[in-house]
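Residue numbers (my numbering), protein chains in the order written: chain A, 8 to 347; chain B, 8 to 347; chain C, 8 to 347; chain D, 8 to 347.
For each residue, glycine too, the CB sits at the ideal point set by N, CA and C.
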């Protein structure tokens, strides 16, 4: 029996106590095709997801993980921290469960690069099996994948924002200045995520080595842009939303119409990438699976400026996971995640 | 030697790692008369206060409390949680140190009421010595006090907002609907104070038994209003600021001009109470020692409406502590806390 | 031919340039049954709605009203200011168009009351035809209505929040303290709605005569509570969301279980009213058609406290209009407005 | 009689109805040396400044400009829009009044550059007289100046943030990504500054030609960095505060310690520039005259990253104007603007 032949594939969400996992649970529970089989968490066990996140209205109790009970599913979304995810993914794959992993554990194809930016890889044998789940680049591979490494939120915006230029071979150098809302920092409560710290404030963080850097570089290199990038991140007082400002030095002169033509062509058929002339704001894409991009030429310096906005919890994580799940189970790509 | 004869009284702040204690430290360090003798904390020991709160620019290292080293001061501000404060206050009083306690431990004159709302009182013998540090009501007593119980932020606004009516004997019943920014919840990091929880949200909390209730009732009773009050609190997405909306059913008809006359008279000479016609906003009093009040009559229902705004960290806590300290050491009442 | 027999009723939105009208247009455009026939505006004519409100993704050009072109529809939503709406409503009714009016013009059944709080009524002859569009109270009447007066946002929360007590005859007196986000003030740009004014601020407004007062009183009186109410409103720094704190003095003792039983019974079958024990926050209902209510007894004062939260643009206006439209055209009540 | 010999120079603020002018009025009114001679405005004439901006507590009535009455002062601050300022400045200089102009009209030394970015210069004859009022670069010239062009908020941060590198001749190329709170857009009410538009949003604006670009380039060129820069700005949901992220490609290898040494040396004696290791946040400098800077090397790319934070209304405009005024009248540079 092929996965596609199952009328209503059962999907478990492991790590549903965090922002991304909880949203995945909501999207699956409302999904016309999938059945939400289980939600597990490492804290808050025994609480209803509805009590932790009232606005999601998912009336399911968070359980402690028990693979004998929760592993009998067609697919799983793993929303564990980096490092902790790999072990669970390996167990699930051992049971034949198709997995979408939200962590960074299977995004980098080279275990040495992973080791350089994270730690020794906990399950290097699985890396080869993993498909990088950015449908706009790897749609065909995702369709047949058993293990999808769901991209990071910043890489999703950065790669979508730069792919047309990278593919055209015109990126000599790039600076990416990223700005994100606080949900990107996760649910962990600390001085850094306390309302009083963040409110009326903004600051850079993880300078100069943010862990999403090698992920962006890997994918740009696949497309043809092999130089190291400059990538910095800033915390902004809003809950959901990411804006990336990309400053590209072209390898050869590239004016605004030429640059825009590359984007128009690249994304003409993409349902979840909007190329616009108006400068994008994160409110334009809030709670959607959209990445909204505008491209501008600066005649004075010859630079090409690209702005890309998305919702870090949606296209940046959870709704993109559902987009991948739809592809894996031969469903319409936008099922359950299309803007109201 | 009387305290007043000391040119530059030394003041220690115990519990300077929290929002209120840190602000006290800043106000004392900038104060023309007092010397900041020490700052202690229970976490963050060894960090510079400047590192924890860059905007205060107090370059002093947080130390672990050692009374033999830190107790040789003319005065201390104790910024400990309820219950924990009383013990330290007792030790300080035993050394002859004059104390301003920011906790609730010495605000209630009846240990049984304290026990009903908090726990068994840890130092009941000291209650009688304590003066309730609302200068607008107890200025003379504060001047000679050795132990000042600094009022709660909500009670400060509520009592200032209702005192003229209470004193006139016209309060038959009152509902107080309080709205506060997040700094009132303190520096503790939790789901409740996480930016993502608070942002774009508002909700009631501690319903129907907020611990500031007996403090407000006690002081209104002293002024002549002896009925239980309805007092509820709401968390609002801003950092500093409190707004109390007081709905008074008068014992006898009281029109707007009559009500306003009571306030004009009560506060004509008070430097830190502003009676205005315009409806007050918390931004009007941000980072000041001001309580801003407006009074309105509702002819349809006969009710008198009073709105009182203050900054919970300033007039609601830290700058009011300095106001008290100024009185205790015969300094001009507004020294070091007057609006730029 | 009855309206129900039309497969896809055409609906025009007049006044789609404002927040409420634009959201109505979005909800209708995405609705499985209705067809968005036209969007008109009084400013921004010629601009795409998508350009004014990118996040709605409604690619329709705002046109100047021309009833000969736009009046040939089965239904219309009129999103005009108070006073201006009545004239257009009269013209549409003259053409046989079924109308949902978002303004206050047909909410008050007594033209004298309207005159007292607004101005002389511009179309008093139509008042009798109008049905007050709160489905939880007037579902049957809405089904057959040709003119629905869509309730105000505050009255929706207040009436839903107090109806069970009013109907039981136990309200001796009530104070309603309302808190609202800024979208309730509409799209008009002024000092009052400027970001810098609102941010980190909160203040009462329209004290003591907010125009929603008679609307609330009218409906509470229908249910049996005839006394004037105290109703005040406060502006809070968030975009969408309303929280009403209702302080009820019961006519006779009513404890918490008794009060809660009234609500459980009243709303057991209502899909869009949630009665909960947890204190409600506006984020719980953001972008939903839900009104979320909790009920609490205060044994010390005998008061019953009711908190009601909704999204002022959704259940407070636009999604409630669609709820009414669904009823009028015999569609499932939640079609097109049910939470994802 | 030299200006310095006047005990209490009278200073008028023209254009005190806007954010910057109003703050100048407050700082002068509280200043130990200067006397606030008059406040004029073009709208709000007749209103008390205290009514427009309650938190400033300046009880002065905004008057219509009448130079015969208001021109008899030792100094004036002109807070008019670009273009409108020059004419008033010329009139004031004709009367011998020393002027600090907050507009861009006298910042650019080349009228042709002004014409390219703004319009034909309204008073080119005065350009030569003007001193660019960034005290950290032009302290000596400001002391003797009769006309000071107060820098733009972005240029203040950009130039302070890059001056040590520019002076060392190591800037081969630079990208400046600027993020600002909404007060930078001024008090004008529009869709763009409406709370509902800005809240939970962020977006680039004025791409790719922000008018502060030539001002930054001019001053960097004076210091030795002559290439065009890339400069973009982003609107962030907070009221006051600016953060500039500067990405410098050095002309020759420059590691982090070398870069930091340049800054330590450049700013060792500057009271209003803080060079720190911790990544700066705008809250660190809120309502101060401080510019806070951190410098980082990115070994992977060889880039030097500089982050500079300031309060756009304070060091970015009004308190820097007072800093200049202090210099012009031989007062201590920080008088009246030093952090509490």
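| task | Could I get the ranges of all uninterrupted beta strand (DSSP E) runs contained in the region 294-331 of chain C, with 3 residues as the minimum, in chain order? | result | 298-305, 310-317
| query | List, in order along the chain, the chain A residues whose C-beta lies closer than 7 Å to that of residue 207 of chain B? | reply | 246
| What is the rounded straight-line gap between the Cα of residue 337 of chain C and the Cα of residue 322 of chain B? | 58 Å
| Same chain only: Cβ atoms within 6 Å of residue 328 of chain B, ignoring 5 sequence neighbours per side | 31, 84, 107, 157
| request: Identify the contact partners of residue 241 of chain A in chain B, using a Cβ-Cβ distance below 7 Å as the criterion. | output: The contacting residues do not exist; residue 241 of chain A stays about 15 Å from chain B at best.
| Where the beta strand (DSSP E) containing residue 241 of chain B begins and where it ends | 237-242
| Residues from the region 266-290 of chain B in contact with chain C, defined by Cβ distance under 8 Å | 286, 287, 288, 289, 290
| Candidates C:60, C:114, C:246, of which the one nearest residue 200 of chain C by Cα | C:246
| Segment limits, alpha helix (DSSP H) that includes residue 227 of chain D | 220-230
| task | May I have the straight-line CA-CA distance separating residue 195 of chain D from residue 205 of chain C, to the nearest angstrom? | result | 14 Å
| Simplified DSSP assignment, three categories, for residue 169 of chain D | helix
| said: Quick check on residue 200 of chain D - is its C-beta less than 8 Å from some C-beta in chain C? | reply: yes
| Which of helix, strand or coil DSSP assigns to residue 186 of chain A | strand
| If you compare alpha carbons, which of D:75, D:74, D:58, D:62 is closest to residue 68 of chain D? | D:58
| task | Name the residue from C:60, C:53, C:70 whose alpha carbon lies nearest to the alpha carbon of residue 45 of chain C. | result | C:70
| field | C-beta contact flag for residue 285 of chain B and residue 292 of chain B at 8 Å | value | no
| With 8 Å set as the bound, which would you pick, yes or no: does the beta-carbon of residue 158 of chain B sit closer than that to a beta-carbon of chain C? | no
| task | Give the C-beta separation of residue 110 of chain B and residue 92 of chain B to the nearest angstrom, bearing in mind that I take them to be a contact with Cβ-Cβ under 8 Å. | result | 4 Å
| said: Would residue 125 of chain B and residue 90 of chain B qualify as a contact pair, given that the criterion is a beta-carbon distance under 8 Å? | reply: yes
| field | Separation of residue 312 of chain B from residue 319 of chain B, as counted between CA atoms | value | 21 Å
| message | Taking a contact to mean a Cβ-Cβ separation below 8 Å, would you say residue 178 of chain C touches residue 232 of chain C in this structure? | response | yes
| task | Return the first residue and the last residue of the alpha helix (DSSP H) that residue 202 of chain A is part of. | result | 202-205
| Neighbour list for residue 190 of chain D in chain C, Cβ cutoff strictly below 9 Å | 202, 203
| said: Just to confirm before moving on: does the CB-CB distance between residue 224 of chain A and residue 215 of chain A stay below 8 Å? | reply: no
| query | Which residues of chain C have a Cβ atom closer than 8 Å to the Cβ of residue 197 of chain D, listed in chain order? | reply | 196
| Could one say the Cβ of residue 218 of chain D lies closer than 8 Å to chain A's Cβ atoms, at least one of them? | no
| query | By Cβ distance below 6 Å, which residues in the same chain neighbour residue 102 of chain B in space, the five residues on each side in sequence not counted? | reply | 78
| query | If the cut is a Cβ gap below 8 Å, which residues of chain A does residue 322 of chain D touch? | reply | The premise fails here: residue 322 of chain D is roughly 16 Å from chain A at the closest Cβ pair, so nothing lies under 8 Å.
| said: Rounded to whole angstroms, what is the Cα-Cα separation between residue 20 of chain A and residue 202 of chain B? | reply: 25 Å
| task | Kindly indicate if chain B contains any beta-carbon less than 8 Å away from that of residue 252 of chain C. | result | yes
| message | Using C-beta distances below 7 Å, list every residue in its chain close to residue 274 of chain C, excluding the 5 sequence neighbours before and after it, in chain order. | response | 280, 282
| field | residue 150 of chain C, enclosing alpha helix (DSSP H) - first and last residue | value | 142-150
| task | Label residue 104 of chain A either buried or exposed according to how many other C-beta atoms from any shown protein chain fall within 10 Å of its C-beta, with 16 as the threshold for buried. | result | buried
| residue 52 of chain D in three-state terms, based on DSSP | coil
| field | Coil, strand or helix - residue 19 of chain D by DSSP | value | strand
| said: Here's a check: name, in chain order, each residue in its chain whose Cβ is nearer than 8 Å to the Cβ of residue 341 of chain C, leaving out the five neighbours to either side. | reply: 278, 279, 296, 330, 333
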